[in-house]
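Protein chains in written order, with my numbering: chain A, 17 to 379; chain B, 17 to 379. Note that beta-carbon positions come from the ideal geometry of N, C-alpha and C, so glycine has one too.
Protein chains: 2
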Amino acid sequence: MQLRIPGPTPIPPEILQVMSRQMINHRGPQFTEMIQSMTATLKEMFQTKGDVLILTGSGTGGMEAAIVNTLSPGDKVLVVSNGFFGERFADIAEQFGAQVERLRFEWGYPADPPAVRQALSQDTGIKAVLVTHNETSTGVTNDLASISAVVREFDKLLLVDAISSLGAIDLPSDEWGCDVVVTASQKGWMAPPGLAMVSVSQRAWQANAEAKMPRYYWDFAKAKRFLEEKGQTPWTPAVSVFYALAAALEMFKREGLANVVARHIRVGSKAREGVKSLGLSLLPEDSHASNTVTAIKAPEGLEVKRLLGILREEQGTILAGGQQRLDGKIFRIGHLGYVNEEDIEQVMEALKVALPQAGFRSR
Amino acid sequence: MQLRIPGPTPIPPEILQVMSRQMINHRGPQFTEMIQSMTATLKEMFQTKGDVLILTGSGTGGMEAAIVNTLSPGDKVLVVSNGFFGERFADIAEQFGAQVERLRFEWGYPADPPAVRQALSQDTGIKAVLVTHNETSTGVTNDLASISAVVREFDKLLLVDAISSLGAIDLPSDEWGCDVVVTASQKGWMAPPGLAMVSVSQRAWQANAEAKMPRYYWDFAKAKRFLEEKGQTPWTPAVSVFYALAAALEMFKREGLANVVARHIRVGSKAREGVKSLGLSLLPEDSHASNTVTAIKAPEGLEVKRLLGILREEQGTILAGGQQRLDGKIFRIGHLGYVNEEDIEQVMEALKVALPQAGFRSR
């Protein structure tokens with residue numbers, strides 16, 4: 017099976033193997049050694065001197081954690097939204113009582129930094145800006161370098177959903193002044209789902225001290241205290257996924273972050289070329305297309321559901337459909353984590369066979 | 017290594033093995049089949065005809081979920097607390113704005129059902145009762161049959177922390193009128209940590225419809241909708257832990273719930289006898305001692321930390337210390353999940369050697 021969805025991503029065999037290790041005491045010295053070493057490596061990968069915390073939960077839990085740890089009900093936040101996950105970030109903030117202003121861009125297009133500047137100029141009451149770095153639903157990578165520069169001009173808190181970018185697409189958290197950056201184990205990290213990893217800047221801690229949104233399970237301050245004082249997590253961690261992520265981080269260190277990023281650039285570019293050579297069109301323009309997920313417009317006559325079914329049943333290749341308003345209109349190839357150019361070639365071979373069977377007539 | 021803490025508990029080899037399976041699409045048919053079959057089996061184990069939801073997170077996340085899904089800020093709740101985890105249940109409710117009345121019993125003693133009746137008589141404004149079934153910190157199993165009967169008299173919502181009881185100690189959720197019952201994969205369930213499982217009664221759904229505490233990640237209604245409409249979870253699930261729990265539930269079915277419960281009764285009784293035969297005393301009276309965890313008083317002259325170190329380093333046996341105010345005063349043997357009488361014998365052999373080395377002089 018070729019699992020080519022944007023998460024969970026395929027796990028390298030040596031990492032799958034460590035998942036079978038017996039349990040250890042999460043309050044014992046072995047766990048402490050593991051989490052301390054992982055945290056140190058994660059800081060390198062987040063490119064931060066701030067804190068990095070590992071939380072047991074999905075990426076969405078990490079997004080919720082970023083919000084409830086830095087904001088109070090009634091706080092005004094600007095959510096830069098150009099897809100399904102941007103809307104999710106806004107929904108969570110709203111759910112916890114923030115006053116949410118959604119700066120929306122068409123799905124398939126990138127967020128526009130000058131528009132962010134305008135929104136921040138017009139409303140000085142905004143406390144925080146929430147941004148999706150890589151919009152998994154549309155295959156668009158936002159220009160976070162420029163957006164973060166704008167946010168810094170206005171000295172606002174910057175919360176970043178980097179779930180499907182970090183560990184695959186360059187994101188220098190400190191340099192770009194990101195206050196909370198959220199990612200998840202099953203994306204670029206080559207580990208199974210179950211852990212969310214978050215960085216927390218000094219400014220985020222200042223916000224945390226005053227943030228009044230209710231929190232218990234996701235409490236950053238408690239997680240930091242347990243990590244620093246005991247080398248533990250406050251609640252029982254997903255021990256096996258820790259094993260996997262620890263092993264994956266060792267692979268990361270061996271390959272080197274710059275090489276990992278370069279590999280994703282090559283793989284992303286190969287995916288886009290391959291798709292076009294099949295006579296298909298990308299949802300986004302090349303210039304802001306993501307290097308971790310490629311979104312392809314379903315051409316006239318192509319039934320996406322049928323295509324995905326044929327790929328799965330006859331080609332052993334799992335791709336993803338579109339989400340919400342893009343359901344039936346696009347399909348997506350995930351290429352993040354444990355992936356190389358040959359994997360992309362295999363996907364293209366599978367598509368070459370399956371596309372005509374699903375009603376696609378190349379012109 | 018003999019891991020004898022009250023969770024994470026040792027995993028049977030055949031379950032460890034499935035943890036190494038490659039990822040699958042959590043939005044595909046294989047996952048749907050798995051979660052549907054697991055949910056059906058869990059309903060048998062929870063002894064409920066209500067809903068059972070599987071959430072990615074620790075048990076504490078499940079406790080938070082139980083609260084935020086059924087209550088509103090300002091709601092008055094009675095928390096029956098006789099240990100560290102009873103206090104945690106109360107802390108979470110307080111954190112989310114409930115008015116919390118703590119009905120406290122001394123640590124090491126069980127909650128008293130008539131006292132619950134009195135508390136409910138005195139304050140008719142109480143909306144829900146929160147109870148810890150098995151207090152892991154003290155090795156006490158509360159008389160939930162009697163407490164739940166009292167709660168039914170007053171027609172209150174009943175939220176139960178059954179994290180270290182369910183799947184090991186009998187808990188007929190429906191018969192006892194429990195509205196939300198919370199457990200976690202790393203306890204009696206013989207799986208690694210990472211999943212919380214909760215049952216939700218019809219009355220809990222009614223409460224849910226009116227509950228105003230903010231929630232997003234833990235939203236029961238969304239989890240139910242995804243399960244019923246798609247056979248999925250709203251957020252990416254901890255797929256590997258699902259594999260493990262699915263395999264563990266098959267083992268449960270083969271052994272039969274009644275046999276599992278009977279085994280824990282035998283094992284618990286053997287642990288208590290063994291401890292006494294070494295000249296040690298239990299923290300709780302026998303009559304309400306837990307069949308999943310045994311709490312032992314540290315006698316004069318015994319340094320708990322030293323004992324645990326010797327057991328770990330020289331006997332390959334991991335036991336747990338006391339929590340919070342019981343730190344240094346007790347130590348605990350976990351015996352839930354994948355455990356039989358021989359495992360207890362091994363613990364006793366290890367203790368026999370280590371106790372004198374740690375300063376214990378049997379009289």
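G155 (chain B) and V84 (chain B) have their C-alpha atoms some 27 Å from each other.
S153 (chain A) has a beta carbon lying at 8 Å or more from every beta carbon in chain B. Every alpha helix (DSSP H) stretch that sits fully inside the segment 262-321 of chain A and reaches 4 residues is listed by chain position as 273-293. Looking at the backbone, the Cα of E60 (chain A) and that of S217 (chain A) are separated by about 14 Å.
Using a Cβ-Cβ cut-off of 8 Å, A262 (chain A) is close to nothing in chain B; its nearest Cβ partner there is about 14 Å away. For R133 (chain B), there is no enclosing beta strand (DSSP E); the residue is found in the alpha helix (DSSP H) stretching over 129-138.
Per the Cβ contact rule, the segment 90-104 of chain A is in contact with the segment 140-160 of chain A (3 or more Cβ pairs under 8 Å). Within the segment 30-59 of chain B, contact with chain A at the beta-carbon level (separation under 8 Å) is assigned to L32, Q33, M35, S36, R37, Q38, M39, I40, N41, H42, R43, G44. Under the Cβ distance rule, P208 (chain B) counts among the residues neighbouring chain A, one pair being separated by less than 8 Å. In this structure, the beta-carbon distance from S74 (chain A) to T252 (chain B) falls below 8 Å. In this structure, the alpha-carbon of A237 (chain A) lies about 8 Å from that of W221 (chain A).
Secondary structure of A366 (chain B) (DSSP, three-state): helix.
Following the DSSP letters along the chain, one finds Q248 (chain A) in no beta strand (DSSP E), marked with neither H nor E.
Minimum Cα-Cα distance from I185 (chain B) among the listed residues B:I281, B:N224, B:V116, B:R118 corresponds to B:I281. Here DSSP, grouped into helix, strand and coil, assigns R120 (chain B) to strand. From the beta-carbon of P188 (chain B), no residue of chain A is found nearer than 7 Å; the closest lies around 26 Å away.
The DSSP-derived three-state label of M61 (chain A) is helix.
Against chain B, the CB of W123 (chain A) has no partner CB under 8 Å away; the residue lies outside that interface.
F347 (chain B): member of the beta strand (DSSP E) spanning 346-350, first to last residue.
Using beta-carbon distances, R231 (chain B) counts as an interface residue toward chain A, with a partner under 8 Å.
Take the alpha-carbon of E361 (chain A) and the one of L352 (chain A): they are about 15 Å apart.
In the DSSP assignment, S153 (chain B) falls outside any alpha helix (DSSP H), carrying neither H nor E. Note on V369 (chain A): under 16 other CB atoms within 10 angstroms of its CB, so exposed under the neighbour-count rule.
Along the segment 239-271 of chain A, going in chain order, the ones with a CB nearer than 7 Å to a CB of chain B are W251, T252, P253, A254, V255, S256, V257.
Within the segment 92-117 of chain B, D107, I108, Q111, F112, G113 place their CB atoms closer than 8 Å to a CB of chain A, listed in sequence order. Contiguous beta strand (DSSP E) elements confined to the segment 57-102 of chain A occur at 67-72, 92-97, taking only those with 3 or more residues. Straight-line measurement puts the Cα of R118 (chain B) at about 47 Å from the Cα of R120 (chain A). Taking all protein chains in view, the Cβ of E30 (chain A) is surrounded by fewer than 16 other Cβ atoms within 10 Å, so the residue is classified as exposed. Using beta-carbon distances, G290 (chain B) does not count as an interface residue toward chain A, since no partner is under 8 Å.
Counted as a single uninterrupted DSSP element, the alpha helix (DSSP H) harbouring V34 (chain B) occupies residues 29-34. Taking C-beta atoms under 8 Å as the contact rule, S164 (chain A) and G210 (chain A) fail to qualify, at a distance of about 29 Å. Runs of beta strand (DSSP E) with 3 or more residues, each lying fully within the segment 172-206 of chain B, are found at 173-177, 196-200, listed in chain order. Assigned with DSSP and collapsed to three states, S164 (chain B) falls in helix.
Assigned with DSSP and collapsed to three states, T252 (chain B) falls in coil, not helix or strand. Judged by beta-carbon spacing, G337 (chain A) lies within the 8 Å limit of L324 (chain A), meaning their Cβ atoms are closer than that value.
CA-to-CA, the gap between M17 (chain B) and W205 (chain B) works out to about 20 Å.
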